[in-house]
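Residue numbers (my numbering), protein chains in the order written: chain A, 1 to 254; chain B, 255 to 508; chain C, 509 to 762.
Glycine included, C-beta positions come from ideal geometry on N, C-alpha and C.
Below is one structure; the comments refer to it alone.
Printed below as a string of structure tokens:
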């Protein structure tokens with residue numbers, strides 16, 4: 001049996017909103033350590049990886065590892081029934097037919113109980129190799145969201161160049177070419193920023209999808225290494241993280 | 255001759271917004287007692303009934319009963335010209351060609367006068383039988399609006415079960431099944447709640463159209479009786495009420 | 509060489525937003541006196557005329573008169589990269605291939621540089637004859653925007669009648685006929701209002717496009733004279749003005 005209670009439904013609502021445009025059906029793994037999920041988008045360019053440690057739940061119990069096949073689209077609809085401040089609990093029996101989801105408001109006079117039908121999915125084992133990232137950039141998640149959205153109006157692709165002193169986002173398109181340079185020499189970022197310079201190009205369409213997660217955390221961490229997928233990481237306070245991996249575009253000039 | 259003045263145009267703006275998705279052309283009856291309107295939606299599943307007593311108007315005069323054939327769609331467009339706080343007056347001569355609508359703001363320096371063309375409609379006499387409702391539920395109108403909107407994402411139909419202690423909204427669909435239970439044992443509601451338990455199913459599409467009226471009143475009254483249309487009633491302060499009637503769905507399990 | 513710096517990007521953002529629905533590609537003239545632009549809309553019914561005097565820029569330099577062919581659509585996209593409070597500078601070399609646009613925020617840690625491709629356009633010399641307007645009306649720009657938008661729901665055309673005591677907007681359509689009369693006998697307007705009465709009709713579609721400029725200035729000036737295009741003028745504080753000219757409709761009753 002699996003059972004977990006979140007103090008505020010808002011956390012799960014934001015997580016599901018942040019992945020529902022990227023993945024539709026996923027297997028969620030419930031183990032005694034917590035919940036986790038890994039899934040690729042339908043075009044196999046991006047990967048979502050969610051980790052929610054059991055310590056972040058108000059109550060958590062998983063007698064043994066269980067796999068819950070979930071339609072993210074449907075779960076998102078059910079979560080709309082919850083207010084942000086509602087207490088949320090989930091329960092699944094060994095038979096694995098339903099995930100029972102309950103919301104209750106603080107005054108307890110409104111109780112919602114929903115039995116979400118579970119689905120059967122082939123499980124995909126996705127190996128994410130350990131990488132030594134040459135650049136780690138921490139920036140305000142809303143600034144990153146705005147920047148990616150606006151650059152997408154001008155180009156499909158952004159080139160990110162990261163060094164110890166700055167991170168630079170550049171585009172080229174029919175309209176012209178542009179560069180946004182952000183200095184990173186303030187003390188809080190410095191300690192996170194490693195030395196090597198790295199330049200990689202990415203599809204803005206995906207970055208814009210990842211940016212739905214900006215409501216989860218005020219800052220976002222970008223990790224880059226040569227010829228390696230970009231990691232866009234949002235911390236989920238006291239619980240874990242939501243990470244997106246995006247393969248770089250092949251530079252046509254090389 | 256008919257003449258009526260409202261202290262604030264907002265009242266009529268909200269009423270017309272609340273019915274314009276349901277009915278397009280209607281006869282409004284102006285009598286010495288006030289204004290009233292009854293109309294069915296085009297699919298004859300729902301009925302709107304509006305009563306505005308003369309006492310709620312700043313000025314009211316109807317020498318004899320008159321019927322005003324109004325295009326609600328056009329009236330809604332004309333009312334957009336009025337600010338919420340404008341004084342609104344309406345006037346119709348015996349010949350019944352136009353309804354003259356005037357708005358003026360408090361400083362009187364802006365005056366709008368519109369002659370709305372009246373139309374000729376077959377009058378429909380709709381008998382609403384007096385019913386002894388077994389359940390009357392009063393709830394926050396915005397909560398009811400939110401609930402119906404979100405349930406509609408998951409199902410076409412909601413089943414309402416009302417008893418003395420609670421009201422319960424349940425749905426079943428491809429996604430799964432769910433129940434929202436609201437306790438009604440607080441003292442303010444208790445006195446309004448009668449004893450018998452009743453269970454009926456309704457099309458959420460219509461409830462969502464009725465919910466446009468939530469701007470008229472902070473609470474909504476639901477009245478249920480076995481095999482009888484649901485009444486969804488919004489009080490219009492000092493003036494009357496806007497009531498919607500909705501036929502229950504036949505339960506296929508019976 | 510041409511170079512100009514604006515203290516706040518907001519000014520240019522608002523100007524471009526206010527003309528981008530009307531004109532797509534334009535020649536901007538940069539002279540030692542400042543920037544100016546004149547362009548007709550594609551259907552040759554309306555004309556936009558922008559004047560930005562050099563005194564309104566934080567820094568301004570134009571060695572000789574230069575013509576910059578600009579895609580307004582693309583410039584609008586580039587300006588989205590700027591925050592309202594960013595400092596904005598523009599630079600063009602003699603070769604006229606690009607307009608370099610730079611934004612920087614006050615803390616200077618974010619710098620955006622964009623090279624907008626310039627385009628070659630036939631230059632159109634539009635003579636606007638000096639006119640002695642019989643009526644000049646000054647009104648709140650948001651009120652005028654709201655009024656035009658709502659009248660457009662009811663009619664394609666508005667007839668403006670201006671006299672010393674009032675300005676009147678009237679429409680006629682299938683829905684009915686209406687008149688909005690605004691008294692202008694307050695002292696602040698009186699001095700701007702000349703004596704003759706004038707009545708002209710205009711396409712509301714264009715007035716609604718002009719009204720995008722209401723964000724530039726809290727008031728708008730309407731200037732009318734018999735058989736002459738209406739002028740709708742928005743002042744740009746300390747810099748100049750944005751004027752729209754609109755040819756009157758021929759009155760079919762005459």
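Counting along the chain, residue 672 of chain C sits inside no alpha helix (DSSP H), nor does DSSP assign it H or E at all. Contact check for residue 728 of chain C against residue 649 of chain C passes: the beta carbons are separated by less than 8 Å. Separation of residue 108 of chain A and residue 216 of chain A (C-alpha to C-alpha, rounded to the nearest whole angstrom) is 26 Å.
Ranked by Cα distance from residue 675 of chain C, the options C:665, C:704, C:661, C:600 are led by C:704. DSSP assignment within the stretch 263-297 of chain B yields the following whole alpha helix (DSSP H) runs of 4 residues or more, N-terminal first: 263-273. When C:744, C:753, C:754, C:755 are compared, the shortest CA-CA separation from residue 522 of chain C is found for C:744.
Using a 10 angstroms sphere on the CB of residue 605 of chain C, the tally of other CB atoms stays under 16, which defines it as exposed.
The stretch 491-506 of chain B and the stretch 511-518 of chain C do not touch, with fewer than three beta-carbon pairs separated by less than 8 Å. Just measuring C-alpha positions, the residue of A:165, A:137, A:136, A:178 sitting nearest residue 151 of chain A is A:178. Counting along the chain, no beta strand (DSSP E) covers residue 585 of chain C; the unbroken alpha helix (DSSP H) around it starts and ends at 580-587. Residue 67 of chain A and residue 88 of chain A have their C-alpha atoms roughly 20 Å apart. The beta carbons of residue 353 of chain B and residue 324 of chain B sit closer together than 8 Å.
Excluding sequence positions up to five before and after residue 121 of chain A, its CB lies within less than 8 Å of the CB of 25, 26, 27, 69, all in the same chain and listed in chain order.
If you look at residue 406 of chain B, you'll find it in the alpha helix (DSSP H) that goes 395-406.
By the CB criterion at 8 Å, residue 707 of chain C and residue 667 of chain C fall inside the cutoff.
Residue burial is scored here from C-beta neighbours: residue 347 of chain B has fewer than 16 other C-beta atoms within 10 angstroms and is therefore classed as exposed.
At a cut-off of 8 Å, the C-beta of residue 623 of chain C has a neighbouring C-beta in chain A. Excluding the 5 residues flanking it on each side, residue 277 of chain B has same chain C-beta neighbours closer than 7 Å at 293, 295, 302, 326, in chain order. If you draw a straight line from the Cα of residue 32 of chain A to the Cα of residue 228 of chain A, it comes to about 32 Å.
Residue 567 of chain C is classed as exposed because its beta carbon has fewer than 16 other beta carbons within 10 Å across all chains shown. In the three-state reduction of the DSSP assignment, residue 301 of chain B falls in the strand class, which pools E and B. Residues of chain C with a Cβ closer than 8 Å to the Cβ of residue 332 of chain B are, in chain order, 662, 683, 684, 686.
Residues are counted here when their Cβ sits less than 7 Å from a Cβ of chain A; for the stretch 371-404 of chain B these are 404, given in chain order. Minimum Cα-Cα distance from residue 488 of chain B among the listed residues B:478, B:466, B:479, B:480 corresponds to B:466.
Taking the C-beta atoms as reference points, residue 457 of chain B is found nearer than 8 Å to residue 410 of chain B. For residue 582 of chain C, the closest C-alpha among the options A:153, A:205, A:181, A:165 is that of A:153. For the set C:561, C:627, C:690, C:669, the Cα lying nearest the Cα of residue 647 of chain C is the one of C:690. Shown here for residue 750 of chain C: same chain residues with a beta carbon closer than 7 Å to its own, the five before and five after excluded, namely 523, 526, 558, 721, 724, 742, 744 in chain order.
Against residue 182 of chain A, the close residues of chain C are 617, 618, in the order they occur along the chain (beta-carbon pairs closer than 7 Å). For residue 352 of chain B, at least one C-beta of chain C is nearer than 8 Å to its own C-beta. Closest option to residue 117 of chain A, judged by alpha-carbon separation, among B:455, B:291, B:430: B:430. A Cβ-Cβ contact shorter than 8 Å links residue 2 of chain A with residue 62 of chain A.
Among the bridge pairs identified by DSSP, residue 606 of chain C is matched with C:625. DSSP, reduced to helix, strand and coil, places residue 717 of chain C within a helical segment of the structure shown. In this structure, the CA atom of residue 222 of chain A is about 6 Å from the CA atom of residue 231 of chain A. Here residue 127 of chain A carries a coil assignment [DSSP, helix/strand/coil].
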